[in-house]
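Following this note's numbering, the numbering of the sequence shown begins with 45 at its first residue and continues without gaps. Positions of the beta carbon are idealized from the N, C-alpha and C atoms, including for glycine. The model shown is predicted, which means the values in this text are computed figures rather than measured ones.
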Amino acid sequence: MNICIIGTGYVGLVTGTVFADLGNEVICVDADAEKISALQGGKVPIYEPGLEEMIHRNVADNRLSFTTSMKKGVEPSNLIFIAVGTPTKPSGEPDLSQVKAVAREIAEHISAYKIIVNKSTVPVGTGDLVRQIINRHKKSDTDFDVVSNPEFLREGSAIADTLAPDRIVIGAPNHKVAVKFLELYASLERPMLITDVYSAEMIKYASNAFLATKISFINVIANLCEKAGADVTSVIKGMGYDKRIGFQFLQAGLGYGGSCFPKDTEALVCTAGKYGVDFKLLEGVIKINTNRVPHFVGRMKEVLGDIQGKVIALLGLAFKPDTDDMREAKSIELIELLLQQGAEIKAYDPAAMNNSRKILPQITYCSSAYEAADKTDALVVVTEWREFKLLNLERIKETMKSPVIFDGRNIYDPTVMYRQGFSYHGVGR
Ligand code: UGA
């Protein structure tokens with residue numbers, strides 16, 4: 045099929061590349077000329093395992109190309125995916141201005157039947173909005189359909205998630221369109237669910253909000269465990285073996301960050317408010333998440349006393365492992381709070397330091413975890429990169445001023461840490 049992807053962020057770039065890899069002709073469009081020229085030159089603007097190699101392969105085979113021209117993207121394509129950003133407005137609602145602008149531009153260039161697909165996470169009713177905008181601005185009497193096909197990929201495992209999603213949700217306005225999508229995704233051999241457009245839009249928000257709820261739930265259980273002398277990691281095991289609960293998204297820690305959960309939970313609260321539906325449950329989920337870092341710093345102070353003048357090593361800056369993405373990263377909140385209280389920070393992250401330097405220029409960046417730990421009063425694990433689990437802790441202990449570890453993601457075994465002579469403080473244990 046001939047596919048146009050508008051927006052080359054995480055979702056757009058990964059989806060477009062995977063569609064090309066499945067044998068489709070894909071043109072990716074982005075208004076950012078610098079980004080497109082980098083992609084044309086073979087440079088991939090984001091760190092995502094396996095993506096660069098897949099892009100190079102498909103560009104070399106002429107199935108994948110990049111342009112800033114909407115005309116070049118839209119005209120030859122039957123399927124046009126909108127994958128632009130929907131950032132949060134100060135009110136908590138998603139800002140749909142990019143989606144609206146793209147819909148207007150698509151309208152300028154359609155002269156034959158097309159299927160327009162909302163891939164960005166957009167509130168219920170956005171399919172209708174896109175349809176209205178295109179109808180209002182189209183130059184010819186061409187027919188078109190609007191589909192909601194939400195994306196469920198996670199950063200850090202985006203290629204694997206796109207190739208093997210748990211399910212594919214297709215919010216189709218009619219049978220003909222649904223069949224086209226069944227064909228598009230057939231080779232993945234994954235469960236496909238055909239729904240109406242509104243339900244597909246809702247599925248995406250409900251899924252992200254539910255996962256965020258699991259995380260906040262276990263984080264409150266962790267707070268309780270700290271008070272009651274229980275170990276949240278044992279509690280998670282005991283809960284997770286129940287198939288109705290499962291182990292996934294039950295890791296207690298500093299809370300959820302990234303470009304999706306914080307934004308989508310806020311947006312769903314706004315949608316509920318708009319329809320007059322009480323969703324205090326989700327408001328509570330957000331509040332719990334906002335309190336994670338202050339609570340953690342409180343625990344640090346119980347151990348360290350005054351933070352003023354303390355030198356603190358921070359391992360991990362990205363909002364999760366295997367990405368260089370710093371959006372809504374818990375490291376930012378933590379660093380800001382520690383700096384306010386007079387700490388000096390030495391940080392290391394395997395991938396996110398370039399992005400972090402732009403946001404947090406006031407801290408010291410180190411070339412390894414060992415360099416970060418050198419002559420510090422405490423070490424904090426913020427992101428659970430695999431390499432931190434494999435550190436030579438004996439070496440870390442020798443270089444630190446005092447061997448105190450705050451493990452914000454529970455990556456170490458407390459018994460091993462005590463045996464090695466550390467003062468060890470995990471989350472909920
Ligand atoms: C999330 C969803 O998992 C994807 O299904 C969805 O497609 C995506 O949002 C999106 O809407 O685009 P992502 O934000 O990339 O994906 O990352 P996650 O792996 O979901 O992690 C989100 C945050 O939750 C991270 O800060 C992570 O550290 C935190 N988390 C995750 C926990 O604190 N505990 C857990 O058990 C799991």
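Reduced DSSP secondary structure (H/G/I, E/B, other) of residue i
{"i": "Ser109", "result": "strand"}
{"i": "Met344", "result": "helix"}
{"i": "Tyr285", "result": "coil"}
{"i": "Tyr300", "result": "coil"}
{"i": "Glu270", "result": "helix"}
{"i": "Glu152", "result": "helix"}
{"i": "Asp189", "result": "strand"}
{"i": "Lys158", "result": "strand"}
{"i": "Tyr17", "result": "Lying outside 45 to 473, the shown extent of the chain, residue 17 is not represented and no answer is given."}
{"i": "Met246", "result": "helix"}
{"i": "Met397", "result": "helix"}
{"i": "Cys72", "result": "strand"}
{"i": "Phe450", "result": "strand"}
{"i": "Pro405", "result": "coil"}
{"i": "Ser121", "result": "coil"}
{"i": "Met444", "result": "coil"}
{"i": "Glu227", "result": "helix"}
The ligand UGA heavy atom lying under 7 Å from the CB of residue i
{"i": "Phe188", "result": "no"}
{"i": "Phe196", "result": "yes"}
{"i": "Ile214", "result": "no"}
{"i": "Gln295", "result": "yes"}
{"i": "Asp308", "result": "yes"}
{"i": "Tyr300", "result": "yes"}
{"i": "Asn2", "result": "For the chain, the structure presents residues 45 to 473; residue 2 sits outside this window and is missing."}
{"i": "Val276", "result": "no"}
{"i": "Lys331", "result": "no"}
{"i": "Lys158", "result": "no"}
{"i": "Thr165", "result": "yes"}
{"i": "Phe340", "result": "no"}
{"i": "Leu255", "result": "yes"}
{"i": "Ile259", "result": "yes"}
Inter-residue Cα distance where the pair is residue i and residue j
{"i": "Thr239", "j": "Pro217", "result": "8 Å"}
{"i": "Val460", "j": "Leu437", "result": "10 Å"}
{"i": "Glu92", "j": "Gly200", "result": "6 Å"}
{"i": "Tyr409", "j": "Thr367", "result": "17 Å"}
{"i": "Asn122", "j": "Cys48", "result": "8 Å"}
{"i": "Phe323", "j": "Leu298", "result": "23 Å"}
{"i": "Tyr414", "j": "Pro89", "result": "28 Å"}
{"i": "Val190", "j": "Val174", "result": "7 Å"}
{"i": "Thr309", "j": "Lys318", "result": "14 Å"}
{"i": "Glu428", "j": "Met370", "result": "14 Å"}
{"i": "Arg473", "j": "Gly282", "result": "15 Å"}
{"i": "Lys364", "j": "Ser375", "result": "10 Å"}
{"i": "Asp185", "j": "Ile71", "result": "25 Å"}
{"i": "Ala64", "j": "Ser467", "result": "51 Å"}
{"i": "Ser231", "j": "Val62", "result": "12 Å"}
{"i": "Ile214", "j": "Ser251", "result": "15 Å"}
{"i": "Gly86", "j": "Gly94", "result": "14 Å"}
{"i": "Lys12", "j": "His153", "result": "No answer is possible for residue 12: it lies beyond the span of the chain, which begins at 45 and ends at 473."}
{"i": "Leu228", "j": "Pro235", "result": "13 Å"}
{"i": "Ile212", "j": "Thr420", "result": "48 Å"}
{"i": "Glu270", "j": "Ile99", "result": "47 Å"}
{"i": "Glu245", "j": "Ala417", "result": "46 Å"}
{"i": "Arg198", "j": "Lys220", "result": "30 Å"}
{"i": "Glu78", "j": "Arg401", "result": "21 Å"}
{"i": "Gly452", "j": "Gly342", "result": "13 Å"}
{"i": "Ser412", "j": "Ala362", "result": "15 Å"}
**Request:** Would you check if the region 435-451 and the region 380-394 touch, i.e. whether three or more CB-CB distances between them fall below 8 Å?
**Result:** no
**Asked** Between the region 126-146 and the region 99-113, do three or more beta carbon pairs fall short of 8 Å?
**Response** no
**Request:** Mind the definition here: the region 156-167 touches the region 124-136 only if three or more C-beta pairs lie below 8 Å; say whether that holds.
**Result:** yes
**Prompt:** How do the region 379-386 and the region 351-370 stand: do at least 3 beta-carbon pairs fall below 8 Å, yes or no?
**Reply:** Here the region 379-386 lies against the region 351-370, with 3 or more beta-carbon pairs under 8 Å apart.
**Asked** Are the region 285-300 and the region 247-260 touching, with three or more C-beta to C-beta distances below 8 Å?
**Response** Because the criterion of three Cβ pairs below 8 Å is met, the region 285-300 and the region 247-260 touch.
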